[in-house]
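Numbering (UniProt numbering), first residue to last: 1 to 273.
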């Protein structure tokens with residue numbers, strides 16, 4: 001953005017966004033279904049913010065339209081064959097006349113289509129993702145640091161699943177800022193264990209494999225920087241001892257980082273006899 005141009009925060013900040021457009025059946029051309037919950041949306045918005053939806057929606061409706069036309073053609077040929085010469089030619093002629101009708105029919109199908117996302121996602125999280133796409137501010141009130149971190153991680157994973165790059169960037173920035181804030185392990189007894197368990201959801205052996213490695217890198221960097229201090233707390237160290245906090249790759253990175261820090265430490269090396 002040029003230096004002499006004012007920053008436009010109207011859409012990004014939600015100042016000029018129209019909340020009535022979101023989840024409104026009027027002018028909606030697709031319904032997203034999550035379990036028993038559904039959201040009215042617009043294909044152009046979904047495609048603009050998510051390559052996943054762009055691919056899925058393009059293939060879903062174009063393939064369905066072509067398949068229907070081919071099916072009608074083959075059925076016409078079969079129907080005309082016993083009594084009409086050159087049934088393929090006549091069938092093609094009829095299809096040309098029917099093409100506009102078929103297009104209108106499938107346009108209506110697309111306008112009222114339901115895109116089922118399954119039951120794995122939390123509807124409230126999908127709603128938050130959609131509000132981001134529509135430029136609507138949505139900040140849940142979560143007083144607990146660890147609960148807020150878990151929420152951001154869940155939202156990042158959702159943005160990774162549905163390939164929403166700009167949302168991942170925003171969430172990752174927020175997670176970095178949250179991790180850089182003060183974490184009072186000594187005041188909250190259960191916090192060290194909760195933090196170790198949260199790290200495991202991203203870097204552990206049971207963690208999902210994300211397409212974008214940004215979140216994993218940030219969480220692992222925080223773990224490496226604070227590992228020695230965190231190990232003083234039994235809740236944290238117990239999770240580490242179980243082997244459930246880090247997978248083999250993350251653990252190797254941690255060991256390499258500890259060795260690197262020891263090399264540049266001002267403290268002399270001491271062997272334990």
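We put the CB at the ideal spot given by N, CA and C, even for glycine. Since we're looking at a predicted model, the values are computed, not measured.
Length-filtered (4 minimum) alpha helix (DSSP H) runs lying within the segment 212 to 261: Listed in chain order, the complete alpha helix (DSSP H) runs (minimum 4 residues) inside the segment 212 to 261 are 214 to 230, 234 to 241.
With a threshold of 16 other CB atoms inside 10 Å of the CB of residue 166, please say whether the residue is buried or exposed. The residue is exposed, with fewer than 16 neighbouring Cβ atoms inside 10 Å.
Among 190, 251, 238, which residue has its Cα nearest to the Cα of residue 219? Nearest of 190, 251, 238 to residue 219, Cα basis: 251.
For residue 132, which residues does DSSP report across the bridge? For residue 132, which the question treats as bridged, DSSP gives no partner whatsoever.
Rounding to the nearest angstrom, what Cα-Cα distance links residue 39 and residue 240 in this structure? Roughly 41 Å separates the two Cα atoms.
For residue 310, which option in 248, 226, 199, 194 has the closest C-alpha, if you only look at C-alpha atoms? No answer is possible for residue 310: the residues shown for the chain start at 1 and end at 273.
State the DSSP-derived secondary structure class of residue 142, mapped to helix, strand or coil. Residue 142 falls in the coil class under three-state DSSP.
Residues near residue 222 in its chain [Cβ-Cβ closer than 6 Å; skip 5 each side]: The residues are 179.
Over what stretch of residues does the alpha helix (DSSP H) that includes residue 199 continue unbroken? Unbroken alpha helix (DSSP H) run through residue 199: 191 to 203.
What residue does the beta strand (DSSP E) around residue 32 start on, and which one ends it? Residues 30 to 34.
Rounded to whole angstroms, what's the CA-CA distance from residue 235 to residue 36? Just pull it up for me. Computed Cα separation, rounded: 38 Å.
From this set, 31, 22, 243, which residue's C-alpha is nearest residue 137's C-alpha? By alpha-carbon distance to residue 137, the top candidate from 31, 22, 243 is 22.
Taking 9 Å as the cut-off, decide whether the C-beta atoms of residue 122 and residue 34 are in contact. The criterion of a C-beta distance shorter than 9 Å is satisfied by residue 122 and residue 34.
Just verifying my parser: in three-state terms, what is the DSSP assignment at residue 116? The answer is strand: DSSP assigns residue 116 an E or B state.
Nearest-angstrom Cα distance between residue 141 and residue 127? If you take the alpha carbons of residue 141 and residue 127, they lie about 16 Å apart.
Check whether the segment 180 to 196 touches the segment 207 to 215, counting contact only when three or more Cβ pairs, one atom from each stretch, lie closer than 8 Å. Not touching, per the Cβ criterion.
CB contact flag (residue 130, residue 57, <9 Å): For residue 130 and residue 57, no; Cβs fall outside 9 Å.
Ignoring anything shorter than 4 residues or poking outside the segment 139 to 189, list the alpha helix (DSSP H) runs there in chain order. DSSP runs (the alpha helix (DSSP H)) wholly in the segment 139 to 189: 145 to 161, 165 to 179.
For residue 232, does the count of other Cβ atoms within 10 angstroms reach 16, so buried, or fall short, so exposed? It counts as exposed.
Residues of its chain near residue 238, where Cβ-Cβ distance is below 6 Å and the 5 sequence neighbours each way are ignored: So the list is empty, once near-sequence residues are dropped.
Which residue marks the beginning of the alpha helix (DSSP H) containing residue 46, and which one marks its end? 43 to 49 is the span of the alpha helix (DSSP H), which, as asked, contains residue 46.
Please work out which residues of its chain come closer than 8 Å, Cβ to Cβ, to residue 203, disregarding the five sequence neighbours upstream and downstream, and give them in chain order. Excluding residues within five positions, the ones whose Cβ falls inside 8 Å are 216, 219, 220, 223, 245, 246, 247, 250.
On the criterion of 16 or more Cβ atoms from any shown chain inside 10 Å, does residue 27 qualify as buried, or is it exposed? Exposed, since its Cβ has fewer than 16 Cβ neighbours within 10 Å.
How is residue 268 classed by DSSP in three states: helix, strand or coil? Its pLDDT being 49, under 50, residue 268 is placed unreliably by the model, and the measurement read from it follows with that caveat. If DSSP states are grouped into helix, strand and coil, residue 268 belongs with coil.
Select from 149, 253, 50 the residue whose C-alpha is nearest the C-alpha of residue 173. For the residues 149, 253, 50, the minimum Cα distance to residue 173 belongs to 149.
How many whole angstroms separate the CB atoms of residue 160 and residue 151, which I take to be in contact at a CB cut-off of 8 Å? Here residue 160 is actually not in contact with residue 151; their C-beta atoms are around 15 Å apart, not less than 8 Å.
Taking a contact to mean a Cβ-Cβ separation below 9 Å, would you say residue 48 touches residue 133 in this structure? Their beta carbons are under 9 Å apart, which means residue 48 touches residue 133 by this criterion.
Cut-off 6 Å between Cβ atoms - residues of its own chain near residue 205, not counting five sequence neighbours on either side: Here the set comprises 247.
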